[in-house]
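Q:
Numbering (our numbering), first residue to last: 1469 to 1878.
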């Protein structure tokens, strides 16, 4: 049968990360590619106990639930966010199947084909997939290590009149960068002035490597809600990185009128997210010290990041450089300008290590000599092995027809 797909379906792109994960299945490959938390750090017993309590309470845990999500859990999340400087009530929140669904639902109610959207460079690959599926006109705002450049942001706001600005300002995926407070304040002020909604995606913000008070700037949502005038920031978060991704529970907060429309879109999509998972998370937040657990995993991830960064720094790869992230799950490596990371990848897989080529994280003008490396999933004892394998892959690539410029310099 010849299936006549919709225009939207024809704009669906595949995930480079998922394709790489398929490549590595069943092989002796150390994967630095996926955005996976460390399975050895999942609070298994606490989760088991939480599900047991949720199931022993009453049968309603297995019944249909509210589209907005389990009310006690929304209230608990609202209390946590308020303690983080984001004053919010349960009525301003919708629970979603991971924060990825929050992004999709917001785009569904906001974007028409051809609407302009602003993003960072580089930015989250799956966000580009969603925006592309709704046929948005995606434009980049120039950025440096401190965030979006305000002059270029204003130029793009004035010229394009976008519907949305999408950003991961804290421990960016893929770059690991964190915006300064000044850049955050400037972005919020400019988007308010030009009446543009900001979607702040913050899946990694609680995984911090510096315990000093005031070490990190407030979220865009906190800045937005501390100011005067109508809110312009919609905020998403998730339990995937701080508890476990298999629970598939995230949230989106915004003005009640916006949440009401997103709720209608969710009703059409799936009625509601898993009721039993939400009940279990609510039980977990009552009986489990989540804050201590977050400090534990942050410390472990910092150690793994240091192992990776130390291994990379010990190599004498021509013109390579990186910045150690201050939190999150990723390190962004830039190699010499003549290295094409996508062409390097097969050599790396052959040597038993995988990464994500950086070019897939750009909506335009990709930097091909970059790669994203995840440091949270690989066991510490294998990090040095992964770096050695990457080093060997670069040596072989340098002698291959895929790297004529590199070969010509030898």
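C-beta: ideal position from N, C-alpha, C; glycine also.
Within this structure, are the beta carbons of residue 1586 and residue 1618 separated by less than 8 Å?
A: No, these two residues do not count as a Cβ contact at 8 Å.
Q: Going by other Cβ atoms of all chains shown within 10 Å of its Cβ, with 16 needed for buried, is residue 1530 buried or exposed?
A: When all chains shown are included, residue 1530 counts as exposed.
Q: Quick check: the Cα distance between residue 1610 and residue 1681, rounded to an integer number of angstroms?
A: Roughly 30 Å separates the two Cα atoms.
Q: Under a three-way DSSP split, which group does residue 1825 fall into?
A: Here residue 1825 sits in strand by DSSP.
Q: Residues in the same chain with beta-carbon distance under 7 Å from residue 1751, minus the five sequence neighbours each way, listed in chain order, please.
A: Excluding sequence neighbours, residue 1751 sits near 1518, 1521 and 1522.
Q: What does residue 1611 pair with, by DSSP beta-bridge criteria?
A: 1616.
Q: Where residue 1766 and residue 1843 are concerned, what is the direct C-alpha to C-alpha distance, given to the nearest angstrom?
A: About 12 Å.
Q: Going by C-alpha to C-alpha distance, which of 1536, 1525 and 1648 sits closest to residue 1724?
A: Closest by alpha carbon: 1536.
Q: Would residue 1652 pass as a contact of residue 1691 if the rule is Cβ separation under 8 Å?
A: Yes, they are a contact pair.
Q: Which residue spans inside the segment 1683–1728 form an unbroken alpha helix (DSSP H) run of at least 4?
A: Counting whole runs of 4 or more residues, the segment 1683–1728 contains the alpha helix (DSSP H) stretches 1688–1694.
Q: Since residue 1499 sits in a beta bridge, which residues does DSSP pair it with?
A: DSSP output for residue 1499 lists 1822 as bridge partner(s).
Q: When DSSP builds the beta bridges, which residues end up paired with residue 1838?
A: The partner list for residue 1838 (beta bridge, DSSP) reads 1802.
Q: Considering only DSSP beta bridges, list what residue 1676 is partnered with.
A: Bridge partners of residue 1676: 1795.
Q: Determine, using beta-carbon pairs with one atom in the segment 1728–1743 and one in the segment 1809–1824, whether at least three such pairs fall under 8 Å.
A: Verdict: no, contact absent.
Q: Should residue 1532 go down as buried or exposed, given a rule of 16 or more other Cβ atoms within 10 Å for buried?
A: It counts as exposed.
Q: Rounded to whole angstroms, how far is the Cβ of residue 1665 from the Cβ of residue 1632, which I believe are closer than 8 Å?
A: So it is a contact: roughly 5 Å between Cβ atoms.
Q: Identify which residue in 1568, 1539 and 1570 has its Cα closest to the Cα of residue 1557.
A: Per the Cα distances, 1539.
Q: Cutting at 6 Å between CB atoms, please list the residues of its own chain near residue 1713, excluding the five before and the five after it.
A: Same-chain partners within the cutoff: there are none.
Q: Applying the 10 Å Cβ sphere with the 16-neighbour rule, what's the burial state of residue 1583?
A: When all chains shown are included, residue 1583 counts as buried.
Q: Taking residue 1672 as the reference, give the member of 1614, 1678, 1593 and 1644 with the closest Cα.
A: Comparing Cα-Cα distances from residue 1672 to each of 1614, 1678, 1593 and 1644, the minimum goes to 1644.
Q: Output needed for residue 1762: all residues of its chain with C-beta closer than 8 Å, excluding positions within five of it in sequence on either side, in chain order.
A: Around residue 1762: 1674, 1675 and 1710.
Q: From the DSSP output, read off the bridge partner residues of residue 1561.
A: DSSP output for residue 1561 lists 1721 as bridge partner(s).
Q: My output table needs one value for residue 1471: the three-state DSSP class, helix, strand or coil.
A: It is coil, neither helix nor strand.
Q: Using a 10 Å radius around the Cβ and a threshold of 16 neighbouring Cβ atoms, would you call residue 1812 buried or exposed?
A: Buried, because 16 or more other Cβ atoms sit within 10 Å of the Cβ of residue 1812.
Q: I need the DSSP call for residue 1635, collapsed to helix, strand or coil.
A: Of the three classes helix, strand and coil, the one that applies to residue 1635 here is strand, per DSSP.
Q: Please list the terminal residues of the continuous alpha helix (DSSP H) segment that includes residue 1855.
A: Here the alpha helix (DSSP H) through residue 1855 covers 1848–1866.
Q: Need the endpoints of the alpha helix (DSSP H) that residue 1656 sits in, please.
A: From DSSP, the alpha helix (DSSP H) with residue 1656 extends over 1649–1661.
Q: Rounded to a whole number of angstroms, what is the C-alpha to C-alpha distance between residue 1876 and residue 1837?
A: Bear in mind that a pLDDT of 34 at residue 1876, under 50, signals an unreliable position, so the model cannot answer this.
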